[in-house]
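*Asks:* Counting in this note's numbering, the sequence shown runs from 4 upward without gaps.
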Amino acid sequence: MTTSTVAFGAAPASHSLSRELNYRLDVVAFDVVDVVLSAGGWLFDRAMAGWKVSVLLPAPFDARPLQILGVRTRQWQADLVGAAGLAVGAEAFAADAGIRDAVLRALDHSLTEVTLWGDEWPRSVDRATTAVHHRLSAAARVFKRHALDAARISEPVGPLETLRSDQHAWLSV
């Protein structure tokens, strides 16, 4: 029996490479409860899969429910460029022209995964997206329950979250 040994040199450390490999998901919403109820389990699963999830909200807001889900929070900003994923609630879309423009640009260029929740989307957005389901991990269900409790919401946590996406399939983590 003949064996071969192949030596692989260690790749040089590169800070720019590690930054490029990090997936970023920017989430824009009108309020904390809307985010947790509609997409809390999906956001938890994304964060646990290594995504850098940031929820952008108008001030003031209670960040605790979102911190329980393992996501960062910050105030709304007009610049939503550079994220691998963009998730937006219907109320935020309706409230801000800059957010509407960012969603429409992302849908037109398909470099950014677009995920939406809520009702009453314009026809152009509705046609570019489809209903998708995310099956929550067991941990996501537990953490979403704790986040809802922190927000003083008694809604049950189901096994699925239904969103809209331009990916036309199950939402992956």
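Just so it is clear, CB atoms sit at the ideal spot from N, CA and C, and this is done for glycine as well. Fair warning: this is a prediction, and the values are worked out from it, not measured in the lab.
For L166, count neighbouring C-beta atoms within 10 Å of its own C-beta (all shown protein chains included) and say buried if the count is 16 or more, exposed if not.
*Replies:* Residue 166 sits at position 163 when you count from the first residue of the sequence shown. Under this definition L166 is a buried residue.
*Asks:* Give me the Cα-Cα distance between T115 and V91, rounded to the nearest whole angstrom.
*Replies:* For the purposes of this step, residue 115 is identified with residue 112 of the sequence shown, where counting begins at 1. For the purposes of this step, residue 91 is identified with residue 88 of the sequence shown, where counting begins at 1. So the alpha carbons of these two residues sit roughly 13 angstroms apart.
*Asks:* According to DSSP, is W120 helix, strand or coil?
*Replies:* Reading the sequence shown from its first residue, position 117 is the one you call residue 120. In this structure, W120 counts as strand in the three-state DSSP scheme.
*Asks:* Using only the alpha-carbon positions, how far apart do S100 and W124 sit?
*Replies:* Numbered from its first residue, the sequence shown carries residue 100 at position 97. Numbered from its first residue, the sequence shown carries residue 124 at position 121. Residue identity differs from the one stated: residue 100 is Ala in this sequence, not Ser. Going by the C-alpha atoms only, they are around 14 angstroms apart.
*Asks:* Based on Cα-Cα distance, which residue from H137, D65, L163 lies nearest to D152?
*Replies:* Within the sequence shown, residue 152 is the residue found at index 149, counting from 1. Among H137, D65, L163, the Cα nearest to that of D152 belongs to D65.
*Asks:* On a Cα-Cα basis, can you pick out the residue from L83, P61, V56, G85 that is closest to R75?
*Replies:* The residue you call residue 75 lines up with position 72 of the sequence shown. The shortest C-alpha separation from R75 is found at V56.
*Asks:* Check the DSSP bridge columns for H171 and list the partner residues they point to.
*Replies:* Locating residue 171 in the sequence shown gives position 168, where the first residue counts as 1. In DSSP, H171 forms no bridge with anything.
*Asks:* Note down, in chain order, each residue of its chain lying with its Cβ closer than 8 angstroms to the Cβ of P159, except the 5 sequence neighbours on either side.
*Replies:* Working through the sequence shown from its first residue, we reach residue 159 at position 156. If we look at P159 and ignore the five residues flanking it on each side, it has no Cβ neighbours.
*Asks:* Can you give me the Cβ contacts of H149 inside the same chain, cut-off strictly under 7 angstroms, excluding the 5 residues immediately before and after it?
*Replies:* The residue labelled residue 149 in the question sits at position 146 within the sequence shown. Contacts found: I71.
*Asks:* For R138 and A98, what's the separation of their Cα atoms in angstroms?
*Replies:* Within the sequence shown, residue 138 is the residue found at index 135, counting from 1. Within the sequence shown, residue 98 is the residue found at index 95, counting from 1. Those two C-alpha atoms are separated by around 29 angstroms.
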